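Residue numbers (UniProt numbering): 1 to 613.
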């Protein structure tokens, strides 16, 4: 028989269970080239079907087959099958040539299992490999699918492969076949029930649960299964903390009243103020403000501050030697580490801990504690109600104004608990992690009420920062300044109105948010402030209003900070929320050790209980 074909392709149909290469003698197989156009089959000597192939064929549900190779060799075309866009997935013409979509630099052909890791790195892809085994080790019990290789991280491009071989023998003559698993759940699951299989945990579940559980479980090992307080760094005060405030004009929009949803106002930042609190050098602690039509100035200020802070963070002042025998005696006789507060055991290496910024001796410590007791390269920036308002104005400029990634801790797509900007060009190239991080935090997550109420809870003697900024005021004027002021937000709908030299009438101190107008008493207070502090324009009035709010926030939160450190020995400015701080305070205060789950079955049992199913 003589047959001529323009292209030879393998089609796994019911009438042709064996591939073309298995129909030819091995010697003829070496000569035949299926990619050569115009190849001629001169003679078919024999056809046969083995029981092994029929048994394996039942396991091919959900798979797309390519051609056979020896000794577990992977055909690159198998990987390309995931790119197929047509229903004829077995046809080579339905997916791209592997040389156009795959990076095969340094990969030897045929590709073996040992080269998969290198192949994954070159192509940003993840590959699982499954195989079949006899159930219970007996031929009569049927076969099951088991994982041969499972990835730790599932990439956007992911491929599941099935490896089949005609014999359990592991030698050069064993024929093996790799196929693409198009539907893993269909391959392994029952045909009577619609189940979904997670291709990493190999557990059946529903589609909804599968979508929720496509995560990598990294469980603690036996040596690291105890949870206790370890963040001793957070006992030290954070070196730099910034308190900030933004003010906006409320630009009115013209809309069709017949439309149910429309834009009522457009908020545009016209002023920003911040106070930097530095525990290392009080000279650095200062208030700054800016009035203009954008908030880029504020972002540039943070960028410059990050570079100035980097110089301080990198200081390494040598500790002065003890000049007194008493200090040496106290060091030798110390029974506890001043960092972890645990006793020194026999054999522990004891060292003298000191501040690298000043060289001041702090106390005796374990060597391991001393090595980890370092200043963190973080600057915390607090806004009151950051999540609901201020974050929307600055995050775009923070992300794009200078190099460095942004890490977001979201509540929703629009509201964030916190976000952190890594200032890339402050990296010390010797230690890649030592870049300055600008962490934006919401003070409302710690003190969840209005600033006016928070100030009312404080004694006047606790308002130290605002008193230092207005040190020339008498008691009456200071009370006038620290009372919550009034601002005509909705009246200021353009920057031109900031040049007006008088306050608007009381009726224009209206808020559509509360549907209220300023009371006579509040309006009189605003008038008294303007007259007493010799304010010329509404712009000057807004400058004083912002400065007062920022400094009051500083006093409120610094008082909260002092109280927390005094009672629990932890600085809350390291944390994102009050519950997070409370958790660490509990661990430190009680000294308790929790045993963590190390068994995936126990974790999944708890997960199912939490989700109610």
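Note that the Cβ used here is the ideal one computed from N, Cα and C, for glycine as well. All of these numbers come straight from a predicted model, not from anything done at the bench.
Point to revise | Alpha-carbon to alpha-carbon, residue 544 and residue 472 | key: Taking the chain shown and counting its residues from 1, one reaches residue 472 at position 472. Taking the chain shown and counting its residues from 1, one reaches residue 544 at position 544. Taking the straight line joining both Cα atoms gives about 16 Å.
Review point. Residue 524: buried (16+ other C-beta within 10 angstroms of its C-beta) or exposed?
Key: Sequence index remark: in the chain shown, residue 524 carries index 524 (1-based). That one is exposed.
Review point. Touch check for the region 567-586 and the region 492-502: three-plus C-beta pairs under 8 Å?
Key: no
**Study point:** residue 102 versus residue 398: straight-line alpha-carbon distance, rounded
**Key:** Within the chain shown, numbered from 1, the residue matching residue 102 stands at position 102. Within the chain shown, numbered from 1, the residue matching residue 398 stands at position 398. If you take the alpha carbons of residue 102 and residue 398, they lie about 36 Å apart.
Exercise for review: Kindly indicate which three-state DSSP category residue 369 falls into: helix, strand or coil?
Suggested key: Looking up residue 369 in the chain shown gives position 369. DSSP places residue 369 in helix when its eight states are reduced to three.
Review point. For residue 284, which beta-bridge partners are listed by DSSP?
Key: Position 284 of the chain shown holds residue 284. In the DSSP output, where bridge partners are listed per residue, residue 284 has none listed.
Review point. With a Cβ-Cβ cutoff of 8 Å, do residue 458 and residue 555 count as a contact?
Key: In the chain shown, counting from the first residue as 1, residue 458 sits at position 458. In the chain shown, counting from the first residue as 1, residue 555 sits at position 555. Yes, the Cβ-Cβ distance between residue 458 and residue 555 is below 8 Å.
Practice item. For my contact list, residue 357 and residue 315 are in at a C-beta cut-off of 8 Å; report their separation, rounded to the angstrom. Key: One-based indexing of the chain shown puts residue 357 at position 357. One-based indexing of the chain shown puts residue 315 at position 315. Residue 357 to residue 315, Cβ: 5 Å. Contact.
Review point. Which runs of the alpha helix (DSSP H) spanning at least 4 residues fall entirely within the region 462-537, listed in chain order?
Key: 464-469, 475-482 and 520-532
Check your understanding: Looking only at its own chain, which residues have a Cβ that is under 8 Å from the Cβ of residue 560, when we skip the five neighbours before and after it?
Key -> Your numbering for residue 560 matches position 560 in the chain shown. 446, 447 and 572, listed in sequence order.
Review point. Considering only residues of the same chain and omitting the five flanking positions on each side of residue 481, which have a CB-CB separation below 7 Å?
Key: Taking the first residue of the chain shown as position 1, residue 481 is located at position 481. Closer than 7 Å at the Cβ level, and outside the excluded window around residue 481, lie 470, 473 and 548.
Review point. Where does residue 414 sit, in a helix, a strand or coil, going by DSSP?
Key: The count along the chain shown starts at 1 and reaches residue 414 at position 414. Looking at residue 414 - three-state DSSP - the assignment turns out to be coil, as it is neither helix nor strand.
Point to revise | Span of the beta strand (DSSP E), counted from its first residue to its last, around residue 451 | key: Within the chain shown, residue 451 is the residue found at index 451, counting from 1. Run containing residue 451: none in the beta strand (DSSP E); it sits in the alpha helix (DSSP H), 451-456.
Review point. Going by alpha carbons, who is nearest to residue 487 out of 233, 476, 152 and 502?
Key: Within the chain shown, the letter at position 487 stands for residue 487. Residue 487 has its Cα closest to that of 502, out of 233, 476, 152 and 502.
Point to revise | Minimum C-alpha distance to residue 420 - residue among 404, 133, 349 and 596 | key: Mapped onto the chain shown, residue 420 falls at position 420. Checked all of 404, 133, 349 and 596; the closest Cα to residue 420 is 404.
**Study point:** Reference residue 223; option with closest CA among 608, 606, 598 and 605
**Key:** The count along the chain shown starts at 1 and reaches residue 223 at position 223. Nearest C-alpha to residue 223: 598.
Exercise for review: Count the CB pairs spanning the region 345-365 and the region 292-311 that are closer than 8 Å, and state whether there are at least three.
Suggested key: no
Check your understanding: What do you reckon, are the CB atoms on residue 154 and residue 570 nearer than 8 Å?
Key -> Residue mapping note: residue 154 aligns to position 154 of the chain shown, counting from 1. Residue mapping note: residue 570 aligns to position 570 of the chain shown, counting from 1. No, the pair does not count as a contact, with Cβ atoms beyond the cut-off.
Review point. Start and end of the beta strand (DSSP E) containing residue 439?
Key: To locate residue 439, count along the chain shown from 1; it is residue 439. Residue 439 -> beta strand (DSSP E) spans 437-442.
Point to revise | Option nearest residue 337 by Cα separation, candidates 262, 352 and 324 | key: One-based indexing of the chain shown puts residue 337 at position 337. It is 352 whose Cα lies nearest to the Cα of residue 337.
**Study point:** Whole-angstrom C-beta distance between residue 158 and residue 125, which should lie under 8 Å
**Key:** Counting from 1 along the chain shown, the entry for residue 125 is found at position 125. Counting from 1 along the chain shown, the entry for residue 158 is found at position 158. With 8 Å as the limit, residue 125 and residue 158 qualify as a contact, their Cβ atoms being about 7 Å apart.
Point to revise | Assigned exposure category for residue 425 - 16 Cβ within 10 Å defines buried | key: On the chain shown, residue 425 is found 425 positions in, with the first residue counted as 1. Answer is exposed; the Cβ neighbour count stays below 16.
Check your understanding: By DSSP, does residue 305 sit in helix, in strand, or in coil?
Key -> Walking along the chain shown from the start, residue 305 turns up at place 305. The answer is helix: DSSP assigns residue 305 an H, G or I state.
Check your understanding: With which residues is residue 626 paired in a DSSP beta bridge?
Key -> This structure cannot speak to residue 626, because the chain is shown only from 1 to 613.
Review point. Smallest Cα separation from residue 366: which of 342, 379 and 360?
Key: To locate residue 366, count along the chain shown from 1; it is residue 366. Taking only the C-alpha atoms, the option nearest residue 366 is 342.
Exercise for review: Quick one: grab the DSSP three-state call for residue 407.
Suggested key: If you number the chain shown from 1, residue 407 lands on position 407. The answer is strand: DSSP assigns residue 407 an E or B state.
Exercise for review: Out of 118, 325 and 134, state which residue places its alpha-carbon closest to the alpha-carbon of residue 127.
Suggested key: Counting from 1 along the chain shown, the entry for residue 127 is found at position 127. Minimum Cα distance to residue 127 is reached at 118.
Review point. In angstroms, rounded to a whole number, what distance separates the CA positions of residue 533 and residue 518?
Key: Along the chain shown, one-based indexing puts residue 533 at 533. Along the chain shown, one-based indexing puts residue 518 at 518. Going from the Cα of residue 533 to the Cα of residue 518 covers about 21 Å.
Exercise for review: For residue 442, count neighbouring C-beta atoms within 10 Å of its own C-beta (all shown protein chains included) and say buried if the count is 16 or more, exposed if not.
Suggested key: In the chain shown, counting from the first residue as 1, residue 442 sits at position 442. Buried, by the Cβ-count rule.
Exercise for review: Throw me the rounded Cβ distance for the residue 373 and residue 339 pair, which I believe falls under 8 Å.
Suggested key: Residue numbering aside, residue 373 sits at position 373 when the chain shown is read from its first letter. Residue numbering aside, residue 339 sits at position 339 when the chain shown is read from its first letter. Indeed they touch by this definition, with Cβ atoms about 5 Å apart.
Practice item. Taking residue 550 and residue 393 to be in contact with their CB atoms under 8 Å, please state how far apart those CB atoms are, rounded to whole angstroms. Key: Taking the first residue of the chain shown as position 1, residue 550 is located at position 550. Taking the first residue of the chain shown as position 1, residue 393 is located at position 393. Contact doesn't hold; Cβ gap of about 16 Å is too wide.
Point to revise | Which of helix, strand or coil DSSP assigns to residue 232 | key: If you number the chain shown from 1, residue 232 lands on position 232. Helix, per DSSP.
Review point. Quick check: the region 282-293 against the region 316-331, are there 3 or more CB pairs under 8 Å?
Key: no
Exercise for review: Please confirm whether residue 451 and residue 552 have their CB atoms less than 8 Å apart.
Suggested key: In the chain shown, the residue the question calls residue 451 occupies position 451. In the chain shown, the residue the question calls residue 552 occupies position 552. Closer than 8 Å, so yes.
Practice item. Classify residue 603 as helix, strand or coil using the three-state DSSP reduction. Key: On the chain shown, position 603 is the one that residue 603 refers to. Reduced to three states, the DSSP call for residue 603 is helix.
Review point. When you compare only the Cα positions, how much space is there between residue 35 and residue 134?
Key: As a working note, residue 35 is residue 35 in the chain shown. As a working note, residue 134 is residue 134 in the chain shown. Residue confidence for residue 35 is low, a pLDDT of 46 falling below 50, so the modelled location carries little weight; the figure read from the coordinates is stated next. Roughly 36 Å between the two C-alpha positions.
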